[in-house]
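Encoded as structure tokens, the structure appears first; notes follow it.
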Amino acid sequence: MYLKNIELYGFKSFANKIQLTFNNGITGIVGPNGSGKSNVADAVRWVLGEQSAKQLRGSKMEDVIFAGTENRRQLGYSSVSITIDNSDKKLPIDFSEVTVARRVYRSGESEYSINGSNCRLKDVQELFFDTGIGKEGYSIIGQGQIDKILSSKPEDRRDLFDEAAGIVKYKKRKSVAEKK
Ligand code: ATP
Ligand code: MG
Numbered sequence: 527m528y529l530k531n532i533e534l535y536g537f538k539s540f541a542n543k544i545q546l547t548f549n550n551g552i553t554g555i556v557g558p559n560g561s562g563k564s565n566v567a568d569a570v571r572w573v574l575g576e577q578s579a580k581q582l583r584g585s586k587m588e589d590v591i592f593a594g595t596e597n598r599r600q601l602g603y604s605s606v607s608i609t610i611d612n613s614d615k616k617l618p619i620d621f622s623e624v625t626v627a628r629r630v631y632r633s634g635e636s637e638y639s640i641n642g643s644n645c646r647l648k649d650v651q652e653l654f655f656d657t658g659i660g661k662e663g664y665s666i667i668g669q670g671q672i673d674k675i676l677s678s679k680p681e682d683r684r685d686l687f688d689e690a691a692g693i694v695k696y697k698k699r700k701s702v703a704e705k706k
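The C-terminal residue of the sequence shown carries number 706 in this note's numbering, and the numbering is unbroken.
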């Protein structure tokens with residue numbers, strides 16, 4: 527399983543539609559300060575369902591939509607899609623490629639889809655439970671996050687081990703069942 531492609535439109539500094547294609551292995555993104563490297567990581571976090579504008583280095587969700595420049599008008603929505611190679615079937619879905627997309631309008635309305643079919647945020651989250659990929663996963667390690675892990679409460683740190691051990695989905699199901 528690896529990230530094959532990211533498509534961005536109107537996300538933060540990316541006003542034009544752009545595609546970034548990756549191969550299996552290590553890829554580095556380099557560029558001058560402020561050129562949008564971290565925005566690419568934010569886009570991945572966002573499409574996986576990040577709900578906190580602060581985690582995305584903004585103050586409100588609208589801040590992920592291209593805000594315009596002197597020569598260019600702001601845009602009305604932002605969309606990101608990522609395509610993951612799933613030929614090893616690590617994601618519990620019967621497709622060898624999985625595309626997850628999210629779009630948000632200035633009104634705040636958010637839409638998600640998996641392989642082109644509209645879905646709920648919950649479906650996106652469930653797809654990635656126990657893979658280490660979801661927004662709570664450890665595959666995106668942001669600046670300062672290592673310190674946060676080391677200084678977090680034991681219960682919070684345990685969540686990381688649960689994710690690695692692959693028992694998050696069972697814990698979630700148990701807590702849903704207990705509420706019924
Ligand atoms: P550094 O090397 O300093 O970490 P970086 O390449 O990671 O830089 P980013 O933080 O990804 O840079 O990009 C910051 C740029 O994105 C800033 O110029 C900022 O104005 C722009 N930006 C962020 N949100 C928006 C938005 N909604 N609309 C337009 N531009 C935006
Ligand atoms: Mg950066």
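C-beta: ideal position from N, C-alpha, C; glycine also. Computed from a prediction, not measured in an experiment: that's the story for all the values here.
Is it buried or exposed for residue i, if we count other Cβ within 10 angstroms and need 16 for buried?
| i | result |
| --- | --- |
| Thr609 | buried |
| Asn612 | buried |
| Leu617 | buried |
| Arg628 | buried |
| Phe621 | exposed |
| Glu576 | buried |
| Val556 | exposed |
| Asp568 | buried |
Helix, strand or coil for residue i? Go by DSSP, reduced to three states.
| i | result |
| --- | --- |
| Ala627 | strand |
| Lys698 | helix |
| Lys530 | strand |
| Phe687 | helix |
Since I believe residue j is in contact with residue i (beta carbons under 8 Å), could you give me their beta-carbon distance rounded to a whole number of angstroms?
| i | j | result |
| --- | --- | --- |
| Val630 | Val573 | That belief does not hold up - the Cβ atoms of Val630 and Val573 are roughly 10 Å apart, past 8 Å. |
| Lys656 | Glu681 | According to the sequence displayed, residue 656 carries Asp and not Lys. Contact doesn't hold; Cβ gap of about 18 Å is too wide. |
| Ser639 | Cys645 | 6 Å |
| Asn565 | Thr547 | The Cβ separation is near 17 Å, so there is no contact. |
| Ile675 | Arg683 | 6 Å |
| Phe540 | Gly554 | Actually they do not touch by this definition, with Cβ atoms about 19 Å apart. |
| Ser605 | Tyr535 | 5 Å |
| Leu601 | Ile591 | 6 Å |
| Ile666 | Arg598 | Contact doesn't hold; Cβ gap of about 29 Å is too wide. |
Is there a Cβ from chain D that is less than 9 Å from the Cβ of residue i?
| i | result |
| --- | --- |
| Trp572 | Looking at the structure shown, chain D is missing, and only one protein chain is on hand. |
Exercise. Taking the runs of the beta strand (DSSP E) that are 3 residues or longer, which of them lie wholly in the segment 637-674?
Worked result: 643-645
Problem set entry | Complete runs of the alpha helix (DSSP H) confined to the segment 562-637 [at least 4 residues] | 563-573
Exercise. Within the structure, which residues are defined as neighbours of the ligand ATP by a Cβ-heavy atom distance below 6 Å, reported in chain order?
Worked result: Lys538, Ser539, Gly557, Asn559, Gly560, Ser561, Gly562, Lys563, Ser564, Asn565, Asp589, Ile591, Phe592 and Ala593
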